[in-house]
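These notes concern the structure reproduced below.
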Amino acid sequence: MGKIIIIGAGIIGMLTARILIKSGISVCIIEQGYAGRESSWAGGGIISPLYPWRYDGSVTRLAQWGQQHYPGVLDKIYQSSGIDPEYIQSGLLYLDIEDELEQAKAWETQYHYPFTAVSGDDLSTLEVELNHSFKQGWFTDSIAQVRNPRLVRSLREDLLRLGVTIEQQTQAQSFIIENNHLRGVVTDKGTFYGDRIVVAGGAWSSRLLEQWVKIPKIAPVKGQMIVFKAQPGLVSRIILSKGRYVIPRKDGRVVVGSTLEFDEFDKTTTQDVLEELKQEAVRIIPALKNYPVEKQWAGLRPGSIDGVPYIGEHPELKNLYMNAGHFRNGVVIGLASCQLLVDQLLGQQTIMDPTPYLLTDDRLVSDSRLIDLRMAI
Ligand SMILES: Cc1cc2nc3c(=O)[nH]c(=O)nc-3n(C[C@H](O)[C@H](O)[C@H](O)COP(=O)(O)OP(=O)(O)OC[C@H]3O[C@@H](n4cnc5c(N)ncnc54)[C@H](O)[C@@H]3O)c2cc1C
6 MGKIIIIGAG IIGMLTARIL IKSGISVCII EQGYAGRESS WAGGGIISPL YPWRYDGSVT
66 RLAQWGQQHY PGVLDKIYQS SGIDPEYIQS GLLYLDIEDE LEQAKAWETQ YHYPFTAVSG
126 DDLSTLEVEL NHSFKQGWFT DSIAQVRNPR LVRSLREDLL RLGVTIEQQT QAQSFIIENN
186 HLRGVVTDKG TFYGDRIVVA GGAWSSRLLE QWVKIPKIAP VKGQMIVFKA QPGLVSRIIL
246 SKGRYVIPRK DGRVVVGSTL EFDEFDKTTT QDVLEELKQE AVRIIPALKN YPVEKQWAGL
306 RPGSIDGVPY IGEHPELKNL YMNAGHFRNG VVIGLASCQL LVDQLLGQQT IMDPTPYLLT
366 DDRLVSDSRL IDLRMAI
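Numbering (this note's numbering), first residue to last: 6 to 382.
Written as structure tokens, this is what we have:
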């Protein structure tokens with residue numbers, strides 16, 4: 006096979022490129038901004054879906070594959086790039102899940118994720134600065150995290166070393182189509198030809214394709230985050246309570262997130278959310294009130310109805326492939342989704358059954374105005 010063109014240098018485009026070039030395929034990524042500066046930069050980097058029992062088993066299968074393979078892959082990327090993506094097995098402490106305990110336990114048994122119930126003094130031993138008003142939690146120590154800005158930088162460096170071309174500040178605008186086969190991508194910097202074109206454009210993926218083919222139900226879902234400049238050891242676990250989480254980074258900073266806002270392609274941050282996230286952080290870890298908020302930001306998740314990404318060839322146009330719609334879980338499920346796409350691109354044995362992720366007619370629409378994700382996970 007000749008060259009593969011990937012549209013989008015987020016984590017999905019870059020991991021896809023990495024697997025392809027390691028299989029001996031020449032790859033060019035077209036990125037309208039800078040590599041890894043959108044959702045993949047903005048995210049929390051938790052290598053687990055939050056409340057994973059709320060998702061379809063097809064999401065869990067991708068997540069499990071990723072959790073198994075990330076340590077080895079990240080180690081290689083670190084060695085090659087010299088940039089530490091800060092993979093840390095912090096464990097994840099769930100609070101306030103009493104209402105869904107039955108569902109969580111059934112899921113835990115089915116997928117073999119051991120949760121340990123923790124209460125009283127054990128809770129304060131596990132997380133010293135946790136608000137004493139919490140009496141009960143459920144802990145799983147296998148869950149890890151990465152630090153997104155470092156992950157995307159290390160991945161970009163690794164790709165450049167491996168020989169992937171990344172055309173930054175180059176926007177895909179239209180396509181060259183001949184006899185129902187996609188041949189090339191027209192950008193503001195010229196036309197790029199390839200044997201296959203992969204759309205990994207995150208939240209923008211469906212908008213790009215709208216005039217050409219039926220599109221997956223993908224739309225932007227804004228998430229705002231803040232980071233406290235705290236000290237190492239203040240928080241040691243990822244802690245989740247009532248949809249809000251704190252993530253302790255290696256240098257002591259504590260990331261707090263995140264909102265789910267259905268705001269089109271708007272990434273502005275707001276004072277209301279800043280105050281709300283600060284309050285939520287202090288509700289979980291009271292000592293955070295003593296530390297300054299260093300930064301607030303927002304990213305646009307590639308929202309999909311049920312969080313199940315679209316992975317595979319488009320049914321209407323030959324040579325057009327997609328890997329998009331990872332919603333809240335692009336890091337944890339991204340690695341498996343990229344391998345699954347590459348398996349299909351190269352016609353090799355797939356790592357799992359690709360059926361749930363295919364671009365079947367029931368998962369496509371012809372008009373983006375029909376996409377309403379407000380009921381989504
Ligand atoms: C606040 C927040 C917290 C999150 N926390 C987590 C978490 O803890 N764990 C987890 O697993 N996931 C998390 N996520 C989700 C995860 O970050 C996303 O699912 C993932 O980053 C999606 O990756 P992507 O490559 O598809 O999209 P992106 O990173 O957005 O990349 C898409 C790229 O395509 C480019 N592009 C789009 N259109 C064009 C075009 N026409 N031409 C050229 N380039 C184009 C864009 O510029 C962009 O760089 C979080 C997301 C947010 C916003």
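We treat Cβ as the ideally placed atom computed from N, Cα and C, and that holds for glycine.
Quantities reported herein were computed from a predicted structural model and do not represent experimental measurements.
Review point. Taking three-plus beta-carbon pairs below 8 Å as touching, is the region 291-304 in contact with the region 230-240?
Key: yes
**Study point:** Cβ contact (3+ pairs, closer than 8 Å) linking the region 242-251 and the region 260-272
**Key:** yes
Review point. Between P54 and the rest of its own chain, which residues show a CB-CB distance below 8 Å, the 5 nearest in sequence each way excluded?
Key: Y60, V64, T65, A68, G312, R333, N334, V337, I338
Exercise for review: Alpha carbon to alpha carbon, how far is E107 from C33? Give it in angstroms, no decimals.
Suggested key: 47 Å
Point to revise | Delimiting residues of the alpha helix (DSSP H) encompassing A286 | key: 276-289
Review point. Between the region 39-52 and the region 10-19, do three or more beta carbon pairs fall short of 8 Å?
Key: yes
Check your understanding: Would the region 146-164 and the region 89-107 be scored as touching if the rule is three or more Cβ pairs under 8 Å?
Key -> yes
Check your understanding: Within this structure, are the beta carbons of R258 and K234 separated by less than 9 Å?
Key -> yes
Exercise for review: Mind reading off the beta-carbon distance from N324 to L187? Whole number of angstroms is fine, and I expect it under 8 Å.
Suggested key: 4 Å
Review point. Is I316 near ligand 1, in the sense that its beta carbon is under 8 Å from a heavy atom of that ligand?
Key: no
Point to revise | Separation of S129 from D277, as counted between CA atoms | key: 31 Å
Check your understanding: Per DSSP, which one or two residues make a beta bridge with M327?
Key -> V204, G317
Point to revise | Rounded C-alpha distance that separates K300 from L213 | key: 31 Å
Review point. Can you tell which of V232, I316, G38 has its C-alpha closest to the C-alpha of E285?
Key: V232
Exercise for review: Return yes when the C-beta of V336 is under 8 Å from any heavy atom of ligand 1, and no when it is not.
Suggested key: yes
Practice item. Sort M357, Q353, L351, L350 by Cα distance to A341 and report the nearest one. Key: M357
Check your understanding: Among the residues of its own chain, which have a CB less than 6 Å from the CB of L322, if the five just before and after it don't count?
Key -> L187, V218
Check your understanding: With respect to 8 Å, is the separation between the Cβ of E134 and the closest non-hydrogen atom of ligand 1 below this value?
Key -> no
Exercise for review: Assign T114 to one of two classes, buried (16 or more other C-beta atoms within 10 Å of its C-beta) or exposed (fewer than that).
Suggested key: exposed
**Study point:** Start and end residues, beta strand (DSSP E) containing Q236
**Key:** No beta strand (DSSP E) contains Q236, which DSSP labels as neither H nor E.
Review point. Per DSSP, W302 is paired with what?
Key: M230
Check your understanding: Could you check where the alpha helix (DSSP H) with R368 kicks off and where it finishes?
Key -> Element bounds for R368: n/a, residue is neither H nor E.
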